[in-house]
Amino acid sequence: MSGLRARAGAVVAAVSAAVLLLAGCTQASIEVPEPAAPDVGIQLFQLPWTSVAKECETTLAPAGIAWVLLSPAQEHIAADEWWASYQPVSYQLESRLGTRDEFADMVQRCNAAGVEVIADAVINHMTGQDEPGAGYAGTAYAHYDYPGLYTESDFHRCGLTANDDIQLYKNREQVQNCELVNLADLDTASPTVRATIGAYLEDLLSLGVSGFRIDAAKHIPATDVEAIVSQLPQGTRIMSEVIRGAGEPIAPEEYEGFGEVFEFTYARELTPPLENGVFSDPVLSDDRPQQVPSEAAIVFVDNHDTERGEANVTARDPQLYIIANALMLADDYGTPVLYSGYAFSDRDSGAPTDADGRVLDASCADTTGPVSDLADGERTCVQSWPAIRGMLEFRAMAGDAPRMPGVDSGDAYGFEREGRGVVAVNVGDDIQSIEVPTTMPDGAYCDVITGGPDAAGDGGCAGSEYSVSGGIAVFDLDPGAAAAIHLGSRR
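The letter at position 76 of the sequence shown is residue 191 when you use my numbering, and the numbering goes up by one with no holes.
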């Protein structure tokens with residue numbers, strides 16, 4: 116975790132500077148605790164390796180982002196749609212996002228900047244075709260060196276009808292074969308197939324990646340995933356994509372014994388209050404019902420799938436998106452992953468490409484905030500939004516302080532991370548005042564959502580200013596506004 120330590124040192128230096136500023140204030144000085152090491156990740160969806168490398172150096176590391184989740188690196192079918200990346204034809208590192216050399220250079224540069232790399236591993240399937248070579252854009256069928264390409268699947272695996280990509284093929288009322296539509300399901304129970312997949316993952320590790328998102332892990336028996344990843348070096352980070360479905364036999368808990376799990380329930384419970392203004396605290400005294408334990412949970416507001424499907428809060432509504440991400444980053448449950456994609460009108464549209472089908476380079480280094488009317492293909496650049504960067508600073512300052520019971524007033528809601536910081540949001544259409552109990556010292560505090568990181572300066576607050584007095588933090592919030600203060604933002 117050398118990247119985390121390096122970034123932690125930078126955060127400590129920034130907070131130390133804030134402490135020096137505080138010492139010169141007229142208010143009584145307070146002891147600002149050492150910030151926690153960064154833990155937040157970001158998914159840079161369909162971004163070329165050359166651009167990822169630059170983002171690590173220019174935006175991710177300076178913002179305090181600990182790891183970056185890539186799109187799949189495998190050779191895939193030739194198609195314009197984004198999902199082509201999830202239809203691999205081989206384990207060669209040649210794709211629309213770049214070459215093997217570009218991938219290796221990107222990983223080295225991200226690691227050097229203090230940002231670890233998580234590869235998106237598609238190991239559940241290969242592209243199924245009726246004829247050798249059909250639709251492979253010249254890729255030979257010989258790339259299929261996988262005995263046992265098709266598996267006889269029991270109902271435990273094939274009964275996952277909530278996923279649109281699953282079809283059941285029945286013969287004489289028995290499940291004979293279970294296949295992803297147009298995709299050949301790999302027999303991950305086969306030692307040969309496991310060895311081939313393991314070799315691919317080892318190859319990526321040799322280039323410096325720190326771990327893997329296991330795509331479609333729900334459609335691979337947990338015992339098979341564990342058998343594959345258990346052969347990898349100790350410390351390899353594993354994040355399984357397992358969507359919890361009502362009444363379905365597969366549960367995320369089956370996969371937490373060998374790594375973390377993307378907790379889809381978290382986003383499903385986070386967003387409704389933002390639409391209806393009815394807030395309630397999660398369970399604070401024990402594990403949250405219907406969610407894996409905090410240490411096993413990767414939480415998110417949206418991702419590349421849900422922003423095209425079930426997610427009602429996305430970057431298309433920047434105000435609400437900032438509120439959702441602020442609440443997630445202020446929470447003490449799970450490890451958050453931010454999402455940075457591109458605008459689209461057609462949910463199948465891929466990122467812009469050149470004449471050779473390669474995704475075009477893009478940079479977020481000059482982004483100053485969200486844009487609500489992006490043209491198709493333009494990047495959302497969430498990692499550069501001052502509000503997000505301010506909340507990353509808030510999270511580092513909150514550290515391991517527990518989340519305290521929240522309060523609500525009309526369409527406003529807020530809570531404290533005990534003694535470290537307070538966040539408040541207003542999802543209504545009117546100005547709302549809310550008072551949040553806090554153990555933070557009395558004084559004037561600068562808001563890190565409107566002011567960004569280092570909101571407190573010599574000349575006052577870069578954004579809004581709020582006060583704490585007598586154990587109460589008072590926030591007057593505009594419609595659709597959020598605010599967050601912490602010990603390091605005391606003026």
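We put the beta carbon where it would ideally sit given N, CA and C, even for glycine.
Take residue i and list the residues in its own chain whose beta-carbon comes closer than 8 Å to its own, dropping the five residues that flank it on each side.
i           : result
residue 469 : 475
residue 139 : For residue 139, the pLDDT reaches just 38, beneath the cut-off of 50, and the residue's location in the model is therefore unreliable, leaving the point undetermined.
residue 196 : 463, 464, 465
residue 490 : 458
Taking its Cβ as the centre, do 16 or more other Cβ atoms sit within 10 Å of residue i, making it buried, or is it exposed?
i           : result
residue 485 : buried
residue 588 : buried
residue 189 : buried
residue 338 : exposed
residue 307 : exposed
residue 210 : buried
residue 260 : With a pLDDT of 29 at residue 260, under the threshold of 50, the modelled position of that residue is not reliable, and no figure is offered here.
residue 402 : exposed
residue 88  : The requested residue 88 is not part of the displayed model; the chain covers only 116 to 606.
residue 566 : buried
residue 596 : buried
residue 364 : exposed
residue 480 : exposed
Could you tell me whether the Cβ atoms of residue i and residue j are closer together than 8 Å?
i           : j           : result
residue 540 : residue 531 : no
residue 602 : residue 230 : no
residue 457 : residue 445 : no
residue 358 : residue 344 : no
residue 411 : residue 371 : yes
residue 522 : residue 549 : yes
residue 184 : residue 477 : no
residue 301 : residue 239 : yes
residue 505 : residue 594 : no
residue 213 : residue 173 : no
Closer than 7 Å by C-beta to residue i: which residues in its own chain qualify, once you throw out the five before and the five after it? Chain order, please.
i           : result
residue 497 : 430, 453, 454, 455, 503
residue 222 : 232, 322, 323, 324
residue 236 : 316, 327, 328, 329, 330
Quick one: grab the DSSP three-state call for residue i.
i           : result
residue 414 : strand
residue 203 : strand
residue 528 : strand
residue 198 : helix
residue 443 : helix
residue 597 : strand
residue 522 : strand
residue 604 : helix
residue 170 : helix
Between residue i and the rest of its own chain, which residues show a CB-CB distance below 6 Å, the 5 nearest in sequence each way excluded?
i           : result
residue 383 : none
residue 509 : 536, 563, 599, 601
residue 450 : 154, 413
residue 419 : 160
residue 514 : 151
residue 202 : 191, 192, 242
residue 544 : 594
Can you give the beta carbon distance from residue i to residue j, rounded, assuming they're within the 8 Å contact cut?
i           : j           : result
residue 552 : residue 585 : Contact doesn't hold; Cβ gap of about 10 Å is too wide.
residue 570 : residue 577 : 5 Å
residue 157 : residue 175 : 7 Å
residue 442 : residue 178 : Rounded, the Cβ-Cβ distance is 18 Å, inconsistent with contact.
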